[in-house]
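Colleague:
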Amino acid sequence: MPNFKSIFRVVDSGAGQAATGGNQGDVTERIRSDVESNDVLIYMKGTREFPQCGFSAATIEAFNALGVPYATRDVLEDPELRQGVKDFSNWPTIPQVYVGGKFIGGCDIVTDLSNRGELAGVVQENLPK
Numbered sequence: 161m162p163n164f165k166s167i168f169r170v171v172d173s174g175a176g177q178a179a180t181g182g183n184q185g186d187v188t189e190r191i192r193s194d195v196e197s198n199d200v201l202i203y204m205k206g207t208r209e210f211p212q213c214g215f216s217a218a219t220i221e222a223f224n225a226l227g228v229p230y231a232t233r234d235v236l237e238d239p240e241l242r243q244g245v246k247d248f249s250n251w252p253t254i255p256q257v258y259v260g261g262k263f264i265g266g267c268d269i270v271t272d273l274s275n276r277g278e279l280a281g282v283v284q285e286n287l288p289k
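Okay, structure coming up:
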């Protein structure tokens, strides 16, 4: 019986080079490129339409309320990406939010900023001019 990871890698051909047997450098470059090419990027568990954890859902809720466009990446679809983003940011949890190429933080920081009415300012301050 084949193991889940080998099946997953065949089916998930759109996830990029690292998911098909690359190395840590490949996933790091993929993350760097993704962070640099998206003004607001959220690495999360699940999708914006169907978050797979409460922390991801709370982060999406904060950005939906803010009304700024953002991209998401589902780390559950790619085990190398899931670990890679933690290594890239040196932050141990998911979700992770990047604005203007800068790591902002996770759910706790985003929801705290949102609750204090400061998230919009942080986003505007870090977006490319």
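When you read off a place in the sequence shown, starting at 1, and then add 160, the result is the number in our numbering.
C-beta: ideal position from N, C-alpha, C; glycine also.
Classify A222: buried if its beta carbon has 16 or more other beta carbons within 10 angstroms, exposed otherwise.
Modeller: Per the 10 Å Cβ criterion, buried.
Colleague: Considering Cα atoms alone, identify which of C267, V257, A280 is closest to V200.
Modeller: Checking every option, the nearest Cα to that of V200 belongs to V257.
Colleague: Helix, strand or coil, according to DSSP, for T232 in the structure here?
Modeller: It is a strand residue.
Colleague: Please classify D268 as buried or exposed, where buried requires at least 16 neighbouring CB atoms within 10 angstroms.
Modeller: Classification for D268: exposed.
Colleague: Just grab the DSSP bridge partners of L201 for me.
Modeller: BP columns for L201 point to A231, Y258.
Colleague: Considering Cα atoms alone, identify which of M204, L273, P252, A231 is closest to E237.
Modeller: For E237, the nearest C-alpha among the options comes from M204.
Colleague: For G277, count neighbouring Cβ atoms within 10 angstroms of its own Cβ and tell me buried if that reaches 16, exposed if not.
Modeller: The residue is exposed, with fewer than 16 neighbouring Cβ atoms inside 10 Å.
Colleague: Whole angstroms are fine: how far does the CA of G266 sit from the CA of I254?
Modeller: Those two C-alpha atoms are separated by around 7 Å.
Colleague: Work out the CA separation of A225 and Q284 for me, nearest whole Å.
Modeller: Cα to Cα, the separation comes out at about 15 Å.
Colleague: Is G244 near T188, with beta carbons less than 8 Å apart?
Modeller: In this structure, T188 lies closer than 8 Å to G244 by Cβ.
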